[in-house]
Structures are given as structure tokens and as C-alpha cells.
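Residue numbers (full-length UniProt numbering), protein chains in the order written: chain A, 1 to 432; chain B, 1 to 432. To start, the structure under review is shown below, and the notes come after it.
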């Protein structure tokens with residue numbers, strides 16, 4: 001008689017339904033992988049009477065989470081209810097009652113991940129969350145498994161579909177930010193309140209999760225320097241393109257020795273970099289490891305089936321671990337103390353667009369200022385504007401420290417010839 | 001007392017040394033993942049006395065494979081000796097003696113994979129070969145795991161680093177094939193005898209392996225239609241670029257319903273397709289699944305550490321399966337009967353470059369011929385050559401059947417106005 005492993009499902013919306021469908025339709029394949037049958041025993045819902053277009057037994061449904069976390073037959077709890085505080089409470093309760101947890105909730109993992117992972121560790125439980133970052137890409141597993149025999153030095157991710165869609169349309173079709181945002185909302189690619197996406201917060205949560213795993217260091221959302229895409233203009237995109245770059249909202253986590261930096265910002269990526277051709281609503285995560293070198297994983301970031309598929313992969317992993325007796329061993333508890341880079345340790349190239357008076361000597365005084373601040377320039381473009389009364393000057397620096405760059409940016413505002421620093425972006429991913 | 005799992009290593013060259021290093025340096029991490037310790041007990045070598053720059057006990061080494069396959073303590077045999085016939089014999093012996101096998105050998109897997117997988121299945125053994133295709137990318141595992149809850153419809157792979165390096169340099173630097181090939185040989189990216197690479201055979205082996213796994217159908221090397229890059233000219237590359245395409249050597253495996261097609265050929269990929277920016281010696285595999293949609297995995301195709309890392313990942317999987325009691329269950333034995341598409345079922349776009357007499361009516365007679373063969377044209381470019389005595393005509397078709405295309409190509413040679421069909425390529429990967 002084959003063993004049965006019972007699952008409790010918290011939430012029965014789009015993703016929850018997808019999980020139930022996959023588990024039911026792939027019974028044989030799951031049994032082959034795990035060596036046991038898998039059954040969704042109970043499902044937490046808000047409304048027992050709601051019509052769901054999928055067959056469930058009335059006794060499978062409950063409105064009380066206690067029915068699930070105190071059911072001794074249930075081995076694993078899958079959290080797909082969404083939201084933050086209630087989801088966190090339910091996951092914590094489940095772990096405290098010795099249930100393994102699989103979640104698709106990036107908000108909870110970015111805010112309370114370290115607390116929940118600690119509870120999981122104390123209780124020798126697994127807590128897996130592949131679906132929380134780029135559902136269609138098995139990136140967390142790849143990072144964790146890669147880590148078993150490698151050391152990651154850099155992660156760059158396009159991890160927000162909404163902003164990537166907007167930037168792609170602005171770049172390729174020359175359209176305005178507001179116009180594309182409206183279209184994205186109409187198509188369902190952007191929320192009615194798009195703040196978390198366009199402001200960079202959603203990407204920040206994901207890069208915090210990626211950095212925490214990749215560097216085995218407890219990186220919080222507060223550690224992430226965040227800048228969104230709301231100030232990006234068509235001019236910036238056009239000049240970027242002319243200079244050989246594509247603008248993307250990139251989450252960056254990098255390490256030198258034991259110090260790390262985590263940030264999200266609109267970033268210029270060279271046309272020939274693999275991230276540059278990740279378009280529309282797609283996501284991609286580029287990982288640099290000492291042993292394996294450069295790798296990139298590309299796919300859909302969200303959607304019912306990609307997300308449910310990622311949840312089921314985690315479920316299979318938990319159940320395998322359970323039969324192996326190795327639950328709670330995953331390399332998810334940060335091993336190193338957090339050490340963040342200071343601005344004079346963060347190194348990058350930068351793009352800057354300046355409006356200056358078009359006078360003899362303007363350019364010389366600007367370059368002198370850059371030089372004084374240890375900043376040498378790689379690319380320079382000067383365009384007359386406003387019938388020659390104004391010069392638009394675009395520069396790309398060589399690799400410099402953030403401290404030097406921030407200082408020169410401030411000092412530029414005090415220069416007589418400078419009218420305004422119109423925009424400034426990081427440039428990353430120069431291929432060797 | 002923790003259990004010990006013993007490994008036999010066949011071959012102790014670059015990759016074998018890498019495997020030993022990883023296993024020794026990551027003992028704790030491996031134990032955490034598997035729930036047992038891992039030890040390389042015996043190593044098959046040609047020369048017991050050779051200096052190897054790595055510490056081994058003399059009793060670990062043997063020149064006789066029988067010492068390994070009859071050692072009852074050895075659970076898993078890792079084949080990294082290379083070559084074909086002897087490697088196949090050793091793997092078969094190991095499986096027949098109930099050892100699980102991990103191999104990095106694409107030649108053996110492409111030629112004798114079905115025979116070896118059948119032996120593995122009969123003996124309830126695992127036979128894993130992640131390192132045989134694109135060592136730095138966990139693509140086989142991703143396909144197998146993805147299959148548990150998805151149905152793959154298309155695989156496109158840049159799976160040969162040598163040819164990708166050559167095409168990249170020809171495209172970006174406008175250099176000649178012979179010139180870049182020589183450079184690649186000097187840099188160690190191409191073999192002294194590059195035939196298997198530039199002729200497409202190496203890529204054909206890999207796409208046969210990918211197609212077999214992806215469609216769960218026993219695809220042999222003989223089923224792959226193969227064309228190499230030796231005839232690709234600078235003109236073709238220049239026109240491709242002008243029309244919005246990048247030339248890549250692409251292995252293609254696609255399916256409609258239950259019929260499949262497997263091929264390798266120089267292929268025009270739209271600039272905006274993720275494969276188009278996979279440059280130099282890098283590999284990438286693009287997979288389209290019904291549930292998850294489009295995904296792509298990018299990384300180094302070869303190298304000591306990427307390959308050894310892939311071998312160790314397989315090893316971990318085998319050992320986990322052993323402790324779970326689920327060895328031999330992997331979905332690697334083809335489940336479906338092979339059904340290859342006929343030429344009138346293979347659909348694609350095509351690029352053709354024609355030299356024709358520059359006479360009034362030339363173009364009309366050509367388009368009439370295409371039309372008669374059910375081929376409509378998407379892009380047309382006509383350039384006068386040789387002081388206007390000659391017209392170079394480049395066309396890109398809409399999606400047509402291979403049967404229609406091959407027929408029109410033949411008939412073009414009988415047209416009075418046609419001097420020569422200079423070149424012809426497949427075009428794939430139009431984004432929607």
C-alpha cells in the first residue's frame with residue numbers, strides 16, 4: 001500500500017485552483033518522483049458556497065485555518081492566499097505546528113522572511129518560496145543548488161513585468177510613460193494603483209530575496225536602495241540607444257569579498273548583454289558564479305500556470321526531503337553576517353544628461369570638475385538645443401565609486417555654466 | 001553513524017579531477033542535501049603513476065573497470081573518460097551490475113542512449129547525463145521537471161560554442177569564416193579537426209538528446225536533419241542583419257500534436273528574440289511549454305567547472321533517489337512512439353538569396369513561380385550587381401511548408417532568368 005502525503009491549501013483563487021489541478025492531473029508522475037501519493041486534504045477559503053468551476057468535496061473546504069494546522073495527517077501547507085499580515089500569521093502558525101510550508105508570497109518573504117525561516121529552522125521544517133520570484137523561472141532552486149558547488153558574485157534581475165512592459169514600449173515605439181501605463185492597465189499588466197511596480201518596490205522585494213539566498217546573508221527590504229521608472233523620459237531612452245544601451249529596471253545584488261550591495265534602479269545595459277533583449281512582460285535573472293561563470297534564466301514572471309507549476313515543484317522537493325529525512329536542511333538560513341558596501345565601495349558606470357549654457361569653455365569647465373572628483377569619461381555626446389543657446393551634454397563615465405559620482409552630481413548644480421542635471425542612471429553589465 | 005555512499009569514477013582527466021575536488025570540498029553541503037556522506041572510492045585510470053596535481057590514495061586508483069563494477073560498496077559510477085565504444089561498454093557493464101550511472105558523454109548518449117536507458121530501466125537504475133548538453137545550464141533537469149506539469153511544444157538551442165563563436169565574430173567584425181576558425185583554433189575554442197562542430201554534428205547530438213527528453217520520444221541522430229555553417233558567407237550575414245535577423249546555428253525540435261521534427265541548421269533569428277543576443281562561445285536553450293510559455297536558459301556550454309558541477313548535481317539526484325527508493329523512475333524512457341513530420345508538415349519561414357539577370361520582367365516571373373508553389377513573400381530586397389547586369393534578390397517567405405519550399409528551390413534552377421540560388425536559410429522564432 002503506497003503512502004499518502006496530505007496537503008493543506010491556504011487560499012483557493014487563481015493560483016490555488018491551478019495547484020489543485022496540477023496535483024490531481026499528475027498523480028502518477030508525482031508518485032514516481034516522490035515514492036508516495038499526494039492528496040490535497042483541506043482548503044482554506046473565505047466562502048464555502050462560492051462556485052469555483054472545479055470539483056471539490058464539501059468536506060475539503062474550511063473557513064478556519066486551525067482545521068488545517070491542527071490536522072495531524074497534513075504534512076505540508078501551501079500558502080497562496082496573498083496579502084501580508086494574515087498570510088504571515090497562518091504561515092507562522094503552520095510552522096510552529098511542525099508543518100512544512102510552500103508559499104508564493106513575495107511580500108511576506110521580503111518583509112518577514114528571516115523571522116519565518118528562523119521558525120522553520122527551529123522546527124526542522126522546510127519553507128520554500130520559488131513562486132515568489134519570477135514564477136516561470138526555477139531561479140531560487142538554481143541558486144541554492146548552484147551554491148552547493150559555487151560562489152555567486154553578482155545577480156542582475158529584470159523581475160517586474162509591468163515596468164519591463166512599459167520601458168519596452170517606450171523604447172521600441174517611442175511612446176510616453178503615461179500613455180503606455182494606461183495601456184498596460186487596460187491589458188491587465190499593471191494594477192489600478194501601479195505604485196509598487198513603477199516605484200520599484202516590487203522589484204526591490206524580489207532582489208532582496210535573491211540576494212539573501214545568493215549570498216547567504218540576511219538582506220532586508222530596507223537594505224535595498226530603490227529608484228523607480230516614473231522619471232524616465234523619451235529623451236533618455238533615445239540617447240541610451242544611440243550610445244549602445246537599452247534601459248531596463250534592474251535589481252542588482254553584487255559582492256566583493258564579504259561586502260554586498262543591493263539596489264533597484266533604471267539601468268543602462270549594453271545592447272549585446274543578454275538582459276537587453278528581455279522584452280515586454282518577461283522576466284530574467286542573470287547570475288555570475290565563480291565556478292560556472294555567466295548564466296541567465298528567462299521566462300514569464302507571473303501567471304496562473306507558471307506560478308502554480310513553481311509551487312508544485314517546491315511541494316515535490318519538500319515531500320522528497322520528508323521521505324529522505326532531510327527537511328529543514330536547505331541552505332536558506334543565512335550563514336554570513338550582513339556587511340553592506342559604503343558608497344565609496346560601490347563601483348559602477350553612470351550615464352548623465354546635463355543642460356548647460358552653450359558658451360566657449362563650458363565643456364572644459366565640466367570635464368575639469370569630473371576630473372577633480374576622480375571621474376573619467378568613456379563616452380561624450382553634445383547636442384545644441386534651443387537654437388544653440390543651450391547645450392545638451394550626455395556623458396557615460398568609466399567605472400567610478402558612487403561616493404565620487406554623487407559628489408560630482410551635487411557640485412554640478414553649483415557650476416555657473418550648468419543649468420540643470422536632467423537625468424542620471426547607472427550603467428551595468430559591460431561584457432568583457 | 002551516518003551512512004556513506006561510495007562512488008566509482010571512470011576517467012580522471014580535467015572533468016574527473018573537477019568532480020573529485022567538488023565532492024571533497026563540499027562534503028557538508030552534500031551530506032545536508034542527501035542525508036549521507038559521499039566518498040569517491042575508486043578511480044579508473046590508464047596510468048597509475050601519472051602525476052595529477054591532486055591528492056589521491058594509491059589504493060583509490062585502478063586500471064581495471066571490473067574492480068569498480070564488481071565492488072559491492074559502490075552505488076554510483078560516474079563516466080567522464082570520453083570516447084565512444086569503451087565508454088559505452090563500461091557504462092553498460094556498470095548498469096548490468098546494478099550501478100547507477102552519471103555521464104558527461106553526449107556522443108555515447110546520442111548514439112546509444114536508448115539502449116543504455118533500456119538497460120538502466122531493466123535494472124531499476126538511474127542513468128543521468130546533464131553534463132552532456134550545455135554543462136553550465138541545468139537544462140535536462142529543467143525539462144524533465146517541467147514535464148511533470150507541462151507539455152513542451154518547441155525547443156531551440158544554441159548548443160555548440162565553437163560555431164557560435166565563429167558566427168558571432170563573422171557577424172560583428174565582418175570577418176571571413178576561415179580567418180575566424182583559425183583564431184578559434186588558436187584560442188582553444190575549436191578543435192584541430194573542427195568537422196564535428198562546424199558540420200553541425202555536435203549540435204545534432206545535443207538536439208537529439210533534448211528532443212528525446214522533451215517529447216519523451218526516442219529520437220536518434222539519424223532523425224536529425226543536419227546542416228553546418230561552412231557555407232555561410234559575409235553577404236548572407238550582412239543581408240540578414242539588414243532584414244532584422246541574426247544568424248545562429250540552431251538545433252530545433254518542435255511538435256504539432258504527436259508529430260515531431262528535429263534539425264540543426266544555420267538559422268535566421270529576429271534581432272529581438274532572446275537567442276539572437278547569445279554571443280561568442282555561450283550556449284542557450286529556449287523552451288516553449290503549453291503551461292509555462294516561453295523560457296530560456298543561458299550559460300557556458302563547456303569547461304571543467306561547469307561540466308563537473310553538472311555531474312555532481314546528477315550525482316546528488318541519484319543519491320537522493322536511492323535513499324527515497326525511487327531510482328529508475330525518472331521520466332527518461334520514451335513514452336511515445338516516434339512519429340516524424342513529413343516535409344509537407346514541417347512549416348517555417350525561409351530566407352533565399354538569388355542571382356538573376358537584371359531584365360524587365362525578371363521579378364514578375366520569379367514571384368509568379370513562388371505564388372504557383374503556395375509561397376507568399378514577407379520581405380524582398382533587390383540590389384543591382386556587376387554594373388547592373390545582374391540583380392541580387394533576397395527574399396524572406398511567410399511560413400510555408402518545407403515541401404513547397406524545396407520544390408520552388410529546385411524549379412528556380414530551371415528558370416531562364418535565374419543564374420544561381422546563392423544561399424538559403426531557415427528563419428525561426430518570430431515573436432508574436
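Cβ coordinates follow ideal geometry from the N, Cα and C atoms, glycine included.
Considering only residues of the same chain and omitting the five flanking positions on each side of residue 98 of chain A, which have a CB-CB separation below 7 Å? 123 and 125
Residue 298 of chain B touches chain A at which residues, Cβ-Cβ below 9 Å? 274, 284, 286, 294, 295, 296, 297 and 298
What would DSSP say about residue 434 of chain B, mapped onto helix, strand or coil? In the structure as shown, chain B begins at 1 and stops at 432. Residue 434 of chain B is therefore absent and cannot be evaluated.
Every unbroken beta strand (DSSP E) within the region 312–399 of chain A, with a cutoff of 3 residues, ordered by chain: 347–357, 377–385 and 390–397
Which residues in the same chain have their Cβ closer than 6 Å to the Cβ of residue 405 of chain B, if we skip the five residues on either side of it in sequence? 350
Give the interface partners of residue 145 of chain B over in chain A, defined as CB-CB distance under 7 Å, in chain order. 313
Please decide whether residue 279 of chain B counts as near chain A, where near means a Cβ-Cβ distance under 8 Å. yes
Is there a C-beta anywhere in chain B that falls below 8 Å from the one on residue 251 of chain A? no
Shorter than 8 Å from the beta carbon of residue 262 of chain B to some beta carbon of chain A? no
Let me check understanding here. Comparing Cα to Cα, which of A:287, A:360, A:374 and A:320 lies closest to residue 146 of chain A? A:287
Chain A within 8 Å of residue 149 of chain B, Cβ atoms only: yes
Cα-Cα, which of A:281, A:269, A:238 and A:152 is closest to residue 185 of chain A? A:281
With a threshold of 8 Å between beta-carbons, can residue 318 of chain B be considered close to chain A, or not? no
Are the region 331–347 of chain B and the region 392–412 of chain B in contact at 8 Å, needing three or more beta carbon pairs? yes
Check distances from the C-beta atoms of the region 76–94 of chain A to those of chain B and list, in chain order, the residues that come in under 9 Å. none
Following the continuous alpha helix (DSSP H) through residue 121 of chain B, name the residue where it begins and the one where it ends. 106–122
If you reduce the DSSP assignment to three classes, tell me which class residue 207 of chain B lands in. helix
CB contact check: residue 432 of chain A to chain B, cutoff 8 Å: Bear in mind that a pLDDT of 48 at residue 432 of chain A, under 50, signals an unreliable position, so the number given afterwards is only what the model happens to contain. Closer than 8 Å: no.
What in chain A is Cβ-close to residue 184 of chain B, meaning under 8 Å? What residue 184 of chain B touches in chain A: nothing, since even the nearest Cβ is about 17 Å away.
Against chain B, does residue 26 of chain A count as a neighbour if the rule is that its beta carbon must be under 8 Å from one of theirs? yes
Round the Cβ separation of residue 16 of chain B and residue 9 of chain B to the nearest angstrom and send it over; I've been treating them as touching at under 8 Å. 6 Å
How would you label residue 313 of chain B, buried or exposed, when you count the other beta carbons within 10 angstroms and need 16 or more for buried? buried
Can you list the residues of chain B that residue 157 of chain A reaches, using a CB-CB cut of under 8 Å? Neighbours of residue 157 of chain A on chain B: none; closest Cβ ~14 Å, over 8 Å.
Start-to-end residues for the alpha helix (DSSP H) that takes in residue 32 of chain B: 27–34
To the nearest angstrom, how far is it from the Cα of residue 234 of chain A to the Cα of residue 409 of chain A? 22 Å
Spatial neighbours of residue 276 of chain B in its chain, beta-carbon cut-off 6 Å, leaving aside the 5 residues before and after: 246 and 269
So that I know if they touch, is there some Cβ in chain B lying closer than 8 Å to that of residue 309 of chain A? yes
Using only the alpha-carbon positions, how far apart do residue 130 of chain A and residue 103 of chain A sit? 8 Å
With 8 Å set as the bound, which would you pick, yes or no: does the beta-carbon of residue 323 of chain A sit closer than that to a beta-carbon of chain B? yes
Look at residue 79 of chain A and residue 91 of chain A and say whether their C-beta atoms are less than 8 Å apart. yes
Chain B partners of residue 142 of chain A, CB-CB under 7 Å? 138
What does the Cβ neighbour count give for residue 70 of chain B, buried or exposed, with the cut at 16 atoms within 10 Å? exposed
For residue 226 of chain A and residue 362 of chain A, the rounded distance between their alpha carbons: 33 Å
Helix, strand or coil for residue 286 of chain B? Go by DSSP, reduced to three states. strand
Taking the continuous beta strand (DSSP E) assigned at residue 269 of chain B, which residues delimit it? 259–270
Exposure of residue 194 of chain A, with buried meaning 16 or more beta-carbon neighbours within 10 Å: buried
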